[in-house]
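Numbering (my numbering), first residue to last: 929 to 1115.
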């Protein structure tokens, strides 16, 4: 773990965790308040694969604005291990960790690998969430969700509030549609 002079903590760029073995799954650990750095460091020492996506936030400090890295999911981080072979019960007594998230018979709850992989795909090598690139007028996009899912449209204009005006061809005619940036992706 690298600590910068401003106090920001970065995930190790050398290891991007992936659940490579078929028996390894992703789990969720609940952390003690403001202890994500301690928990992450101690879990790595125990050789658990840790993924803690970070986002850059602007905060006010002493009348000035500063950017700092904070966890995307405050109070939680992802762990990958094999329940059969890893000493996973030691996680609950790790400094900074409150408990593993469990639902049944004291077994840790598996987080879907597709969910973790989707979040990882949106991160850089240091675990920071990369904001999506801005769309330009004339680009072709595809709807991700909603009633227009999988339909293709062209970007007409991009509003400053992260909304996009799209031209959608439906039933032989063009229709203008206002959509949220998160609802579309480049085709």
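Glycine is no exception: its CB is placed at the ideal position from the N, C-alpha and C atoms.
Skipping 5 residues on each side, what residues in its chain have a beta carbon closer than 8 angstroms to that of residue 958? If we look at residue 958 and ignore the five residues flanking it on each side, its Cβ neighbours are 1003, 1004, 1025, 1026, 1027, 1028, 1029.
Buried or exposed for residue 1022, going by 16 or more other Cβ atoms inside 10 Å? Residue 1022 should be labelled buried.
Since I believe residue 1106 is in contact with residue 1093 (beta carbons under 8 angstroms), could you give me their beta-carbon distance rounded to a whole number of angstroms? 6 angstroms between Cβ atoms; contact.
Would you tell me roughly how many angstroms separate the C-alpha atoms of residue 936 and residue 1070, rounded to the nearest one? Because the pLDDT at residue 936 is just 46, under 50, the model does not fix this residue reliably, and the value given afterwards should be weighed accordingly. Distance between the alpha carbons of residue 936 and residue 1070 is about 37 angstroms.
On the premise that residue 1083 lies in contact with residue 1065, defined as a C-beta separation below 8 angstroms, what is that separation, rounded to the nearest angstrom? Confirmed, Cβ separation roughly 5 angstroms.
Distance between residue 977 and residue 951 (C-alpha atoms, nearest Å): Rounded to the nearest angstrom, the two C-alpha atoms are 14 angstroms apart.
Can you tell me which of the three DSSP states residue 1053 falls into? Reduced to three states, the DSSP call for residue 1053 is coil.
Would a C-beta distance cut-off of 9 angstroms place residue 1081 and residue 1073 closer than the cut-off? Not closer than 9 angstroms, so no.
What beta strand (DSSP E) runs, 3 residues minimum, are completely inside the region 1061 to 1106? Residue ranges of uninterrupted beta strand (DSSP E) with 3 or more members, entirely inside the region 1061 to 1106 and ordered along the chain, are 1068 to 1071, 1080 to 1086, 1091 to 1098.
Assign residue 1014 to one of three DSSP states: helix, strand, or coil. In the structure shown, residue 1014 sits in coil (DSSP, three-state: anything other than H, G, I, E or B).
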